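S.K.: Numbering (the numbering used here) for the sequence shown: 2 to 330. Cβ atoms here follow ideal geometry from the backbone N, Cα and C, with glycine treated the same way. Being a predicted model, the structure only gives us computed values, none of them experimental.
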Amino acid sequence: MQGSKIARRSLLGSAGLGMLAAPALLSGRAQAQDSSKLVINRVTPPDIHQFKLGSFKVLVVKDGMRASGKPGETFGTNQPAESVSGLLDQNFLPTDQFVNSFSPVLIDTGKDVILFDTGFGEAGRAQGAGRLIEGLAAAGYMPDDITMVVLTHMHGDHIGGLMDNGKPSFSKARYIAGQAEYDFWTDGARAGTPAEGNQKAVIASVKPLAEKMTFLNDGSEVVSGITAMLAAGHTPGHMVFNVESQNKRLVLTADTANHYVLSLQRPDWEVKFDMDKAKAAATRKKIFDMIATDKVAFLGYHMPFPAVGYAEKQETGYRFVPKTYQFDI
Ligand SMILES: [Zn+2]
């Protein structure tokens, strides 16, 4: 997703969630009028989820969540409106809204503590996002524990947490990013194009870290067991990562598919935030064909938290099969 321009009112933290969470903020007198004791508080604590993958430890943090209206204006933009609402309805989802969550991932290999993407950072806090640091702390990781920060691509919801108050959030880390992605967003040719807004975010958050950055290409290794694959389309240098430890495998699919029903079940449908729509669709099919055929787990940045599952191949696409309690035994 393109996250640099979050519509303030569309975030659960302000509009949707704000209303749901309001009872927690009421005075004691006001609360007393409500006979229910259960306070539905979705604001604290931060959502985190941990599991083992071979000898690696994986921590998923929910940086935030966003509800948006009119699903058909984001997903299936080349389809009749009834097709989009029909598919949502068939999958027990509302037809007038959709939710995205944002899930940066930490992998502790025992030697390195590697963070994949950084959430919204301070830009998202007023809207209830930007909770990565809090989530890491809940699992015992301080920002200085991070030894590497890997960027799957450079949209605002992935790079926003790199800097905080003008300083690097992860002061001990080195950085890893796709060469094609960095080159695209720092190229002067973006001026005056629709990419200009996001370019400003890259200049502010990524460029200051460039001298501590290593650039990856298709097939580059991050550390032993973690390999980058170019998965372009969503952005020109969008990358996914194959993670393997002791014969356990997880593919970090980043933004290859951005909705567990609309993008996975209909990989061909055009998505507003995919910069090259045809290429993104071809990449979606290639990556999820591999995941379905190999029967390996994947973690998608915008999948329903904790964002991990499998993809079962169906006639027109893939069915998302969320991980369950027997995942890491
Ligand atoms: Zn995204």
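When the Cα of Leu94 is compared with those of Gly162, Thr325, Tyr326, Pro305, which residue comes out closest?
M.R.: When each option's Cα is compared against that of Leu94, the closest is Pro305.
S.K.: Anyone know if the C-beta pair for Asp64 and Ala130 falls short of 7 Å?
M.R.: Closer than 7 Å, so yes.
S.K.: Ordered along the chain, which non-local residues of its own chain (more than five positions away) have a Cβ less than 7 Å from that of Asp275?
M.R.: So the list reads Gly234, His235, Ala281, once near-sequence residues are dropped.
S.K.: Can you give the Cα-Cα distance for Arg67 and Tyr142, rounded to whole angstroms?
M.R.: If you take the alpha carbons of Arg67 and Tyr142, they lie about 25 Å apart.
S.K.: Over what stretch of residues does the alpha helix (DSSP H) that includes Ala140 continue unbroken?
M.R.: No alpha helix (DSSP H) contains Ala140, which DSSP labels as neither H nor E.
S.K.: State yes or no: is the C-beta of His239 nearer than 6 Å to some heavy atom of ligand 1?
M.R.: The answer is no for His239.
S.K.: Would you kindly report the start and end of the unbroken alpha helix (DSSP H) that includes Lys286?
M.R.: Where Lys286 is concerned, the enclosing alpha helix (DSSP H) stretches over 278-295.
S.K.: Under the criterion of a Cβ to heavy atom distance below 6 Å, does Asp158 qualify as lining ligand 1?
M.R.: Result yes, Cβ under 6 Å from ligand 1.
S.K.: Would you say Asp275 touches ligand 2, meaning its beta carbon is less than 6 Å from a heavy atom?
M.R.: With respect to ligand 2, the structure offers nothing, as its ligand set consists of ligand 1.
S.K.: Would the region 110-126 and the region 162-180 be scored as touching if the rule is three or more Cβ pairs under 8 Å?
M.R.: These segments touch.
S.K.: Taking 6 Å as the cut-off, is the CB of Asp219 close to at least one heavy atom of ligand 1?
M.R.: For ligand 1, not one heavy atom lies less than 6 Å from the Cβ of Asp219.
S.K.: Measuring CA to CA, which of Phe299, Asp165, Ala140 is closest to Gln51?
M.R.: When only C-alpha atoms are compared, the closest one is Ala140.
S.K.: Using a Cβ-Cβ cut-off of 7 Å (strictly less than) and excluding sequence neighbours within five positions of Glu245, which residues of its own chain qualify?
M.R.: Excluding residues within five positions, the ones whose Cβ falls inside 7 Å are Gly226.
S.K.: Can you name, in chain order, every residue of its own chain whose Cβ lies under 6 Å from the Cβ of Ala312, other than the five neighbours on each side?
M.R.: Result list for Ala312: Phe289, Ile292, Ala293, Tyr319, in chain order.
S.K.: For Gln128, is the classification buried or exposed, using 16 other Cβ atoms within 10 angstroms of its Cβ as the cut-off for buried?
M.R.: Buried, because 16 or more other Cβ atoms sit within 10 Å of the Cβ of Gln128.
S.K.: Hey, Met240 and Thr153: beta-carbon distance below 7 Å or not?
M.R.: Yes, these two residues count as a Cβ contact at 7 Å.
S.K.: Bridge partners of Asp165, per DSSP?
M.R.: Its beta-bridge partners are Lys168.
S.K.: So, helix, strand or coil for Gln98, using DSSP?
M.R.: If DSSP states are grouped into helix, strand and coil, Gln98 belongs with the strands.
S.K.: Is there at least one non-hydrogen atom of ligand 1 closer than 6 Å to the beta-carbon of Lys184?
M.R.: Checking the displayed sequence, the identity of residue 184 turns out to be Asp instead of Lys. No - ligand 1 has no heavy atom lying nearer than 6 Å to the Cβ of Asp184.
S.K.: Check whether the Cβ of Asp256 lies closer than 6 Å to any heavy atom of ligand 1, and answer yes or no.
M.R.: Within the cutoff, so yes.
S.K.: Going by other Cβ atoms of all chains shown within 10 Å of its Cβ, with 16 needed for buried, is Met20 buried or exposed?
M.R.: At Met20 the pLDDT is 38, less than 50, meaning the model places this residue with poor confidence and gives no usable figure here.
S.K.: Taking 8 Å as the limit between beta carbons, can you name the residues of its chain near Ala181, skipping five residues before and five after?
M.R.: Around Ala181: Asn218, Leu231, Ala233, Pro237, Gly238.
S.K.: Give me the Cβ distance between Leu60 and Leu107, rounded to the nearest whole Å; I'm assuming they're in contact under 8 Å.
M.R.: Between Leu107 and Leu60 the Cβ distance is about 4 Å, and since that is below 8 Å, they are a contact.
S.K.: Please go through the same chain and pick out, in chain order, the residues whose beta-carbon is closer than 6 Å to the beta-carbon of Met164, but skip the five residues on each side of it.
M.R.: Taken in chain order, the residues that qualify are Ser206.
S.K.: With H, G and I counted as helix, E and B as strand and the rest as coil, what does DSSP make of Asn199?
M.R.: Asn199 falls in the helix class under three-state DSSP.
S.K.: Taking all protein chains shown into account, decide if Gly162 is buried (16 or more other Cβ within 10 angstroms of its Cβ) or exposed.
M.R.: Gly162 comes out buried.
S.K.: Using only CA atoms, which one of Asp158, Phe242, Asn166, Gly198 lies nearest to Ile177?
M.R.: Ile177 has its Cα closest to that of Phe242, out of Asp158, Phe242, Asn166, Gly198.
S.K.: Would Lys324 and Gly310 qualify as a contact pair, given that the criterion is a beta-carbon distance under 7 Å?
M.R.: For Lys324 and Gly310, yes; Cβs fall inside 7 Å.
S.K.: Have a look at His303 and Leu251 and give me their C-alpha separation to the nearest angstrom.
M.R.: In a straight line, the C-alpha of His303 is about 16 Å away from that of Leu251.
S.K.: Out of curiosity, what's the CA-to-CA distance linking Glu222 and Val203?
M.R.: Taking the straight line joining both Cα atoms gives about 24 Å.
S.K.: Excluding five sequence neighbours on each side, which residues of the same chain lie with their C-beta closer than 6 Å to the C-beta of Val114?
M.R.: The answer, listed in chain order, is Asp146, Ile147, Thr148.
S.K.: Inspect the beta-carbon positions of Phe99 and Pro72 and report whether they are closer than 7 Å.
M.R.: Closer than 7 Å, so yes.
S.K.: Use the C-beta contact count for Leu54: other C-beta atoms within 10 angstroms, 16 or more gives buried, fewer gives exposed.
M.R.: Answer is buried; the Cβ neighbour count reaches 16.
S.K.: Ordered along the chain, which non-local residues of its own chain (more than five positions away) have a Cβ less than 7 Å from that of Arg267?
M.R.: Here the set comprises Gly77, Leu88, Thr317, Gly318.
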